[in-house]
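**Student:** Counting in numbering that gives the first Met the number 0, the sequence shown runs from 0 upward without gaps. Beta carbons: idealized from backbone N, C-alpha and C, even for Gly. Let me give you the structure first, and then I'll get to my questions.
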Amino acid sequence: MRIEEEVFLDDYGMRRKRFVYDHRVHHSYVFVAGHEVYTVIVGSLLDEATFTRIGYEMPPAIPFPINGMAEVCFDTFDGMGGLADFRHIKFKGLGSAVVLQSVSLALIAHAEKLHIGGFVFQAASGGVVDKGRRTSLEEIYDVLLGLKNVPRYNPHTGLPKRTPRPLIQGDVHAYKRVTEGRACYVVLQ
């Protein structure tokens, strides 16, 4: 795969690369957090036919955005063009929060540059995916997207935890559809 454009985004502290894969334009946003290199890959979904062919569904009564959407995935990056296997990485302290913040910054940078109608991504749930996690990936995304807002408690002390603030605000809305073994999220502007 040939890199067609490579730019350093000073405002976001990450590098963006543009390439074509599977007849779709993709952008890769590379950043470092917790001594690991990560990449967020954002693939263009210009029409509903491509969106559906990949296996996504729009929420009921919500039309596919005129300006298209983008499919998102992220993982650790080996620097040689390969991704890891999407397994859980343990962090000490707030490392995972830094990673999620960097992912959201990459998505903001992408939305500002390309003016897309929204993002779609999947979270595998249960089994191997949640092994070693105190909180499932699906629950983390539900809370961050404002789809779940229930009281949480410290398992050791029983004291209530602070209610997390969703990452999306204003005119941005998230939707979730669960199928066997995965949760699909659609986030629209």
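#1: Which whole-angstrom value is the C-beta distance of L144 and P165, which I expect to be below 8 Å?
#2: Answer with buried or exposed for H155, where buried requires no fewer than 16 other C-beta atoms within 10 angstroms of its C-beta.
#3: Using a Cβ-Cβ cutoff of less than 7 Å, which residues in the same chain neighbour M68 once the five nearest sequence positions on both sides are dropped?
#4: Q100 by DSSP, collapsed to three states: which one?
#5: If you drop the 5 nearest sequence neighbours on each side, which residues of the same chain put their C-beta closer than 6 Å to that of S103?
#6: With DSSP as the reference, please indicate the residues paired to T189 in a beta bridge.
#7: Here's a check: name, in chain order, each residue in its chain whose Cβ is nearer than 6 Å to the Cβ of Y11, leaving out the five neighbours to either side.
#8: Which residue marks the beginning of the beta strand (DSSP E) containing L44, and which one marks its end?
#9: Give me the residue from R176, L187, V71, G131 with the minimum Cα distance to S257.
**Tutor:** On the basis of the data shown:
#1: 6 Å
#2: exposed
#3: Correct list, in chain order: L44, F50, I115, G116, G117, F118, V119.
#4: helix
#5: L166
#6: Residue numbering for the chain in the displayed model covers 0 to 188; residue 189 lies beyond these limits and cannot be assessed.
#7: Excluding its 5 nearest sequence neighbours in each direction, Y11 has C-beta neighbours in its own chain below 6 Å: L104, A108, listed in chain order.
#8: 35 to 44
#9: The structure shown has nothing for residue 257, since the chain only spans 0 to 188.
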